[in-house]
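Protein chains: 2
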Amino acid sequence: MTDRRLAGPVRIVGTGLLGTSIALALRARGVDVALADISPSSLALAIDYGAGRAAQPDDTPELIVVCVPPDVVARIAAQELREFPNALVTDVASVKVAPLRELIELGADVSRYIGSHPMAGRERSGAIAARADLFIGRPWVIAGHDGISYGRAAQVEQLALDLGAIPIEMTAEDHDRNVALVSHTPQVISSLLAARLTDATDAATSLAGQGLRDTTRIAASDPELWVQILRANAPEITGILRAYRDDLDRAISTLEAPDVAGARRALAELIAGGNTGVARLPGKHGQAKHFSRLVVLVDDKPGELARLLTEIGELGVNMEDLRLEHSPGAQIGLAEISVLPAVETRLVSELESRGWKISEALA
Amino acid sequence: MTDRRLAGPVRIVGTGLLGTSIALALRARGVDVALADISPSSLALAIDYGAGRAAQPDDTPELIVVCVPPDVVARIAAQELREFPNALVTDVASVKVAPLRELIELGADVSRYIGSHPMAGRERSGAIAARADLFIGRPWVIAGHDGISYGRAAQVEQLALDLGAIPIEMTAEDHDRNVALVSHTPQVISSLLAARLTDATDAATSLAGQGLRDTTRIAASDPELWVQILRANAPEITGILRAYRDDLDRAISTLEAPDVAGARRALAELIAGGNTGVARLPGKHGQAKHFSRLVVLVDDKPGELARLLTEIGELGVNMEDLRLEHSPGAQIGLAEISVLPAVETRLVSELESRGWKISEALA
Numbered sequence: 001m002t003d004r005r006l007a008g009p010v011r012i013v014g015t016g017l018l019g020t021s022i023a024l025a026l027r028a029r030g031v032d033v034a035l036a037d038i039s040p041s042s043l044a045l046a047i048d049y050g051a052g053r054a055a056q057p058d059d060t061p062e063l064i065v066v067c068v069p070p071d072v073v074a075r076i077a078a079q080e081l082r083e084f085p086n087a088l089v090t091d092v093a094s095v096k097v098a099p100l101r102e103l104i105e106l107g108a109d110v111s112r113y114i115g116s117h118p119m120a121g122r123e124r125s126g127a128i129a130a131r132a133d134l135f136i137g138r139p140w141v142i143a144g145h146d147g148i149s150y151g152r153a154a155q156v157e158q159l160a161l162d163l164g165a166i167p168i169e170m171t172a173e174d175h176d177r178n179v180a181l182v183s184h185t186p187q188v189i190s191s192l193l194a195a196r197l198t199d200a201t202d203a204a205t206s207l208a209g210q211g212l213r214d215t216t217r218i219a220a221s222d223p224e225l226w227v228q229i230l231r232a233n234a235p236e237i238t239g240i241l242r243a244y245r246d247d248l249d250r251a252i253s254t255l256e257a258p259d260v261a262g263a264r265r266a267l268a269e270l271i272a273g274g275n276t277g278v279a280r281l282p283g284k285h286g287q288a289k290h291f292s293r294l295v296v297l298v299d300d301k302p303g304e305l306a307r308l309l310t311e312i313g314e315l316g317v318n319m320e321d322l323r324l325e326h327s328p329g330a331q332i333g334l335a336e337i338s339v340l341p342a343v344e345t346r347l348v349s350e351l352e353s354r355g356w357k358i359s360e361a362l363a
Numbered sequence: 001m002t003d004r005r006l007a008g009p010v011r012i013v014g015t016g017l018l019g020t021s022i023a024l025a026l027r028a029r030g031v032d033v034a035l036a037d038i039s040p041s042s043l044a045l046a047i048d049y050g051a052g053r054a055a056q057p058d059d060t061p062e063l064i065v066v067c068v069p070p071d072v073v074a075r076i077a078a079q080e081l082r083e084f085p086n087a088l089v090t091d092v093a094s095v096k097v098a099p100l101r102e103l104i105e106l107g108a109d110v111s112r113y114i115g116s117h118p119m120a121g122r123e124r125s126g127a128i129a130a131r132a133d134l135f136i137g138r139p140w141v142i143a144g145h146d147g148i149s150y151g152r153a154a155q156v157e158q159l160a161l162d163l164g165a166i167p168i169e170m171t172a173e174d175h176d177r178n179v180a181l182v183s184h185t186p187q188v189i190s191s192l193l194a195a196r197l198t199d200a201t202d203a204a205t206s207l208a209g210q211g212l213r214d215t216t217r218i219a220a221s222d223p224e225l226w227v228q229i230l231r232a233n234a235p236e237i238t239g240i241l242r243a244y245r246d247d248l249d250r251a252i253s254t255l256e257a258p259d260v261a262g263a264r265r266a267l268a269e270l271i272a273g274g275n276t277g278v279a280r281l282p283g284k285h286g287q288a289k290h291f292s293r294l295v296v297l298v299d300d301k302p303g304e305l306a307r308l309l310t311e312i313g314e315l316g317v318n319m320e321d322l323r324l325e326h327s328p329g330a331q332i333g334l335a336e337i338s339v340l341p342a343v344e345t346r347l348v349s350e351l352e353s354r355g356w357k358i359s360e361a362l363a
């Protein structure tokens with residue numbers, strides 16, 4: 001946004017996780033951001049966060065980003081297209097075929113609409129979970145269509161670039177097929193796995209390690225949002241789940257007779273198949289890359305963590321993120337600290353010279 | 001180890017990831033560690049890493065830790081029990097029923113054997129991935145049985161404590177049932193999911209986000225090791241996978257007709273079921289039920305978080321867990337603090353009287 005002069009504010013409709021995160025990132029670049037939300041308290045919270053100002057009746061936005069749930073995205077986008085006849089409208093919903101089809105059915109001016117989808121999110125929702133750096137290094141799909149000119153699309157591409165994301169162009173159909181595989185099906189698989197823990201004994205959950213935590217992290221996602229996503233992309237997801245079920249059936253059959261000839265090979269191929277699949281994933285994207293992470297061991301005594309943070313402050317180092325891991329019963333907590341890579345070496349040596357124990361293994 | 005005088009060295013048989021990590025941790029405590037491995041090059045590597053010295057024929061270890069793959073653990077443990085008639089022998093394999101049964105079948109002196117299982121690992125294997133702090137804060141199962149005296153078991157418990165782990169006692173049967181749920185089944189589910197990516201287009205994998213990376217991280221695990229684990233614990237795993245398949249069948253049926261009455265509710269319950277399950281996990285993601293959580297708003301200024309934690313320390317309150325939500329673009333950070341329920345009310349009122357803003361709605 002810094003390089004281009006927008007005629008008016010960027011208008012963000014919907015101040016949930018994505019809308020507020022986009023707004024925060026634009027505000028950090030000095031862009032005038034006009035916020036709108038059907039919920040006055042949600043809007044007020046986003047404004048409190050510094051995500052922008054409340055939209056005014058005389059605003060003349062050039063760019064409108066609709067950040068509302070998938071079920072209502074077409075209706076809201078149509079309304080915005082009507083209300084602001086000079087603005088380009090985009091949205092950030094996790095499905096792209098249904099909204100475009102619905103907009104056409106509603107007779108909306110789709111020559112000013114181009115759907116998009118930043119591949120960024122968190123298992124927590126709402127303005128409260130928003131982060132200006134949510135999009136850094138993340139793919140941002142721009143789903144072009146025949147009814148819009150190339151120049152118009154470039155404006156959304158620039159938005160993605162301004163927010164640190166990587167714009168990727170594909171059709172709405174390709175998008176929906178692809179996210180069914182890399183996002184929607186994993187959500188179902190993870191939710192079903194986590195659901196198996198519901199009746200687990202405390203003894204069992206006390207043994208949970210990082211593997212289980214990772215495989216079930218997204219199972220903490222918002223049911224209301226996911227009902228909409230799953231319904232909107234049901235045929236694509238169902239196709240992949242059926243293939244998954246076939247593989248699962250084979251795995252169960254093998255495990256039912258683990259001593260028969262060929263069982264070892266079948267199980268080895270099961271795990272090796274996962275090796276091959278996971279190797280298809282390109283190198284890590286995302287914010288983690290931009291920060292160095294170190295883990296400091298902290299005695300389980302009142303005041304110890306405060307002392308650590310005070311000393312980090314005295315060293316003039318700004319923490320980008322902090323997370324304390326503390327297992328019940330453990331004498332030691334682990335403070336995961338994210339800092340800019342430039343200060344990492346100095347921080348480690350300063351902390352070690354002050355007697356702190358840093359674990360590189362856990363970082 | 002510091003508080004007890006061992007008559008001889010601790011003997012570690014198998015210098016892979018776990019064996020070498022245990023050895024490194026013991027060496028760091030000044031313990032004499034005698035290393036043995038069937039592979040001379042693996043042994044030499046571990047010695048190079050500082051994990052100990054090569055075992056000598058006249059060693060008289062009091063404690064032997066067998067760190068070999070599950071398929072051979074009973075055979076090696078039996079051999080060690082024979083060769084060192086005064087030593088206590090433990091192992092660290094991921095299954096506990098089969099090794100004990102096999103040892104009894106082999107006629108080994110199980111009055112000197114007690115199985116154990118540190119719940120720690122990495123996707124990388126071998127001495128090269130070993131870390132002395134691998135076990136810090138991790139559960140370490142000690143699987144007692146009727147053939148061993150309480151005093152003997154205490155020696156393995158002390159080993160776990162010395163390495164910073166949390167000893168948890170349970171029967172071999174309970175262990176295998178529990179790890180089937182929290183470790184072995186998630187491995188199968190994750191491997192099968194990752195395998196679906198094998199034939200994915202580059203466009204699809206380019207959209208992969210953190211959710212997919214997390215759910216498939218353990219799919220990079222070693223096939224050879226996992227064939228042994230899955231076979232050794234097949235009945236327990238199969239039972240859980242069958243229940244999973246029933247849930248998956250229901251999900252597929254729902255997604256095949258996403259517009260019928262009740263489909264929304266079924267999908268909401270699918271995702272909500274995952275929410276409930278993941279909340280059962282202690283620490284990190286699901287907050288343990290027995291802690292109260294409060295969210296304190298912290299100004300995005302250097303030193304503010306340290307000031308908060310210092311004041312909490314001054315109040316004599318021990319934080320059980322802490323998580324900071326902080327975006328470089330936001331003007332407020334959120335400190336999520338878990339404390340014992342007994343101190344919550346006092347902490348809230350004391351913090352509020354000191355001017356901190358607490359959002360209970362967010363907790």
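Line by line, the protein sequences are chains A and B.
Taking UniProt numbering, I'd label the letters of the first sequence as residues 1 to 363.
Taking UniProt numbering, I'd label the letters of the second sequence as residues 1 to 363.
Virtual Cβ for every residue (Gly too), placed ideally from N, Cα, C.
Check: Can you check whether the CB of B:Val-295 is closer than 9 angstroms to the CB of B:Asn-318?
Finding: Reading the second sequence from its first residue, position 318 is the one you call residue 318 of chain B. Reading the second sequence from its first residue, position 295 is the one you call residue 295 of chain B. In this structure, B:Val-295 does not lie closer than 9 angstroms to B:Asn-318 by Cβ.
Next item on the list: Give a yes or no on whether 9 angstroms exceeds the smallest Cβ distance from B:Ala-74 to chain D.
Entry: The structure shown contains no chain D; its protein chains are A and B.
Margin query: Check whether chain A comes within 9 angstroms of B:Ala-98, counting only Cβ atoms and requiring the distance to be less than that.
Written below: Sequence index remark: in the second sequence, residue 98 of chain B carries index 98 (1-based). It does not; no Cβ of chain A falls within 9 angstroms.
Next item on the list: Identify the contact partners of A:Arg-138 in chain B, using a Cβ-Cβ distance below 8 angstroms as the criterion.
Entry: On the first sequence, position 138 is the one that residue 138 of chain A refers to. Going along chain B in sequence order, the residues near A:Arg-138 (Cβ under 8 angstroms) are Gly-209.
Check: Quick one: what does DSSP say A:Tyr-49 is sitting in, helix, strand or coil?
Finding: Walking along the first sequence from the start, residue 49 of chain A turns up at place 49. A:Tyr-49: coil per DSSP, three-state reduction.
Check: Count the other CB atoms within 10 Å of the CB of B:Lys-289; is the residue buried (16 or more) or exposed (fewer)?
Finding: For the purposes of this step, residue 289 of chain B is taken as the residue at position 289 of the second sequence. Caution is warranted here: a pLDDT of 45 is assigned to B:Lys-289, below 50, making its placement in the model unreliable, and no coordinate value can be reported.
Margin query: I'd like to know whether the C-beta of A:Asp-222 is nearer than 9 angstroms to at least one C-beta of chain B.
Written below: Walking along the first sequence from the start, residue 222 of chain A turns up at place 222. For A:Asp-222, the answer is yes, since a Cβ of chain B falls inside 9 angstroms of its Cβ.
Margin query: If I measure Cβ to Cβ from B:Glu-236 and keep anything under 6 angstroms in the same chain, skipping five residues before and after, which residues do I get?
Written below: Stepping through the second sequence from its first residue, residue 236 of chain B is reached at position 236. Around B:Glu-236: Asp-176, Arg-177, Ala-180.
Notebook entry, point to check: Looking only at C-alpha atoms, which of B:His-184, B:Gly-50, B:Pro-57, B:Ile-104 sits nearest to B:Glu-83?
Noted result: Locating residue 83 of chain B in the second sequence gives position 83, where the first residue counts as 1. Closest option to B:Glu-83, Cα to Cα, is B:Pro-57.
Margin query: Can you confirm whether A:Pro-9, when its beta carbon is compared against all beta carbons of chain B, has any partner nearer than 9 angstroms?
Written below: As a working mapping, residue 9 of chain A is identified with position 9 in the first sequence. By this cut-off, A:Pro-9 is not an interface position.
Note to self: So with CB distances below 8 angstroms, who are the chain A contacts of B:Ile-237?
What the structure shows: Residue 237 of chain B sits at position 237 when you count from the first residue of the second sequence. Simply Leu-255.
Margin query: Taking its Cβ as the centre, do 16 or more other Cβ atoms sit within 10 Å of B:Arg-60, making it buried, or is it exposed?
Written below: Along the second sequence, read from residue 1 onward, the residue named residue 60 of chain B stands at position 60. It is Thr, not Arg, that sits at residue 60 of chain B in the sequence shown. Exposed: under 16 other Cβ atoms inside 10 Å.
Margin query: Just to make sure I have the definition right: I need the residues of chain B whose C-beta is within less than 9 angstroms of the C-beta of A:Pro-302. Which are they?
Written below: On the first sequence, residue 302 of chain A is found 302 positions in, with the first residue counted as 1. The answer, in chain order, is Ile-312, Gly-313, Glu-314, Leu-315, Gly-316, Val-317, Asn-318, Met-319.
Notebook entry, point to check: Using the beta-carbon count (16 or more within 10 Å), is B:Ile-12 buried or exposed?
Noted result: Reading the second sequence from its first residue, position 12 is the one you call residue 12 of chain B. Label assigned to B:Ile-12: buried.
Notebook entry, point to check: A:Pro-282 touches chain B at which residues, Cβ-Cβ below 9 angstroms?
Noted result: Within the first sequence, the letter at position 282 stands for residue 282 of chain A. Chain B residues near A:Pro-282: Asp-202, Thr-205, Ser-206, Ala-208.
Check: Name the chain B residues that come within less than 8 angstroms of A:Pro-258, Cβ to Cβ?
Finding: Here residue 258 of chain A is taken as the residue at index 258 of the first sequence, counted from 1. Per Cβ cutoff of 8 angstroms: Leu-230, Arg-231, Ala-234.
Item checked: Limits of the unbroken beta strand (DSSP E) element including A:Ile-136 -> On the first sequence, position 136 is the one that residue 136 of chain A refers to. A:Ile-136 -> no beta strand (DSSP E), and no H or E assigned at all.
Next item on the list: Keeping to the same chain, check which residues put their C-beta closer than 6 angstroms to that of A:Thr-90; ignore five residues upstream and five downstream.
Entry: Here residue 90 of chain A refers to the residue found at position 90 of the first sequence. So the qualifying residues of the chain are Val-65, Ile-114, Ser-116, Val-156.
Check: Just checking, does the region 166-176 of chain B make contact with the region 137-144 of chain B on the three C-beta pairs under 8 angstroms criterion?
Finding: yes
Next item on the list: For chain B, find out if any of its Cβ atoms is closer than 9 angstroms to the Cβ of A:Ile-12; answer yes or no.
Entry: By 1-based counting over the first sequence, the position of residue 12 of chain A is 12. Cβ-Cβ to chain B under 9 angstroms: no for A:Ile-12.
Checklist line | Beta-carbon neighbours of A:His-273, restricted to chain B and to distances below 7 angstroms | finding: As a first step, residue 273 of chain A must be located in the first sequence, where it is residue number 273. According to the sequence provided, residue 273 of chain A is Gly. The question's His does not apply to it. In chain order: Ser-191, Ala-195, Thr-198.
Next item on the list: For the alpha helix (DSSP H) containing B:Leu-297, list its first residue and its last residue.
Entry: Along the second sequence, read from residue 1 onward, the residue named residue 297 of chain B stands at position 297. That residue, B:Leu-297, is in no alpha helix (DSSP H); its beta strand (DSSP E) goes 292-299.
Check: When the distance is taken between beta carbons, is A:Ala-232 closer than 9 angstroms to A:Ala-98?
Finding: By 1-based counting over the first sequence, the position of residue 98 of chain A is 98. By 1-based counting over the first sequence, the position of residue 232 of chain A is 232. A contact, by the Cβ cut-off of 9 angstroms.
Margin query: Within 10 Å of its beta-carbon, does B:Ile-128 have 16 or more other beta-carbons around it, so buried, or fewer, so exposed?
Written below: For the purposes of this step, residue 128 of chain B is identified with residue 128 of the second sequence, where counting begins at 1. Exposed, by the Cβ-count rule.
Check: Does the region 211-222 of chain A come close enough to the region 242-254 of chain B to have 3 or more Cβ pairs within less than 8 angstroms?
Finding: no
Notebook entry, point to check: Comparing alpha-carbon positions, which option in B:Ala-272, B:Trp-226, B:Glu-62 lies nearest B:Pro-70?
Noted result: Residue 70 of chain B sits at position 70 when you count from the first residue of the second sequence. The residue with the shortest Cα to Cα distance from B:Pro-70 is B:Trp-226.
Check: Residues of chain A with a CB under 7 angstroms from the CB of B:Thr-20: which are they?
Finding: Here residue 20 of chain B refers to the residue found at position 20 of the second sequence. Per Cβ cutoff of 7 angstroms: no residues; B:Thr-20 is ~12 angstroms from chain A at best.
Notebook entry, point to check: CA-CA distance, B:Leu-281 and A:Ser-21?
Noted result: Against the second sequence, residue 281 of chain B aligns to sequence position 281. Against the first sequence, residue 21 of chain A aligns to sequence position 21. Answer to the nearest angstrom: the Cα atoms are 28 angstroms apart.
Checklist line | Reference B:Gly-274, options B:Ala-251, B:Leu-351, B:Ala-25, closest by Cα | finding: By 1-based counting over the second sequence, the position of residue 274 of chain B is 274. Selected option, being the one with the closest Cα: B:Ala-251.
Check: Does DSSP put A:Glu-157 in a helix, in a strand, or in coil?
Finding: The sequence position of residue 157 of chain A within the first sequence is 157, counting from 1. Here A:Glu-157 sits in helix by DSSP.
Check: In terms of residue numbering, what span does the alpha helix (DSSP H) encompassing A:Asp-202 cover?
Finding: Counting from one through the first sequence, the residue named residue 202 of chain A turns up at place 202. First-last of the alpha helix (DSSP H) with A:Asp-202: 202-205.
Check: If you draw a straight line from the alpha carbon of A:Arg-293 to that of A:Pro-341, how long is it in whole angstroms?
Finding: Start at 1 with the first residue of the first sequence, and residue 293 of chain A comes out as number 293. Start at 1 with the first residue of the first sequence, and residue 341 of chain A comes out as number 341. The straight-line gap from Cα to Cα measures roughly 8 angstroms.
Check: Is the distance from the Cβ of residue 368 of chain A to the Cβ of A:Leu-315 below 9 angstroms?
Finding: Outside the modelled stretch of chain A, which goes from 1 to 363, sits residue 368 of chain A, for which no answer is possible.
Next item on the list: Would you list, in chain order, the members of the region 32-60 of chain A that have their beta-carbon closer than 7 angstroms to a beta-carbon of chain B?
Entry: Tyr-49, Gly-50
Check: Can A:Ala-234 and B:Leu-207 be called in contact, C-beta distance under 9 angstroms?
Finding: On the first sequence, position 234 is the one that residue 234 of chain A refers to. On the second sequence, position 207 is the one that residue 207 of chain B refers to. Result no, Cβ atoms of A:Ala-234 and B:Leu-207 do not sit closer than 9 angstroms.
Margin query: Using DSSP's beta-bridge definition, name the partner residues of A:Gly-333.
Written below: Here the question's residue 333 of chain A lines up with position 333 in the first sequence. The partner list for A:Gly-333 (beta bridge, DSSP) reads A:Val-298.
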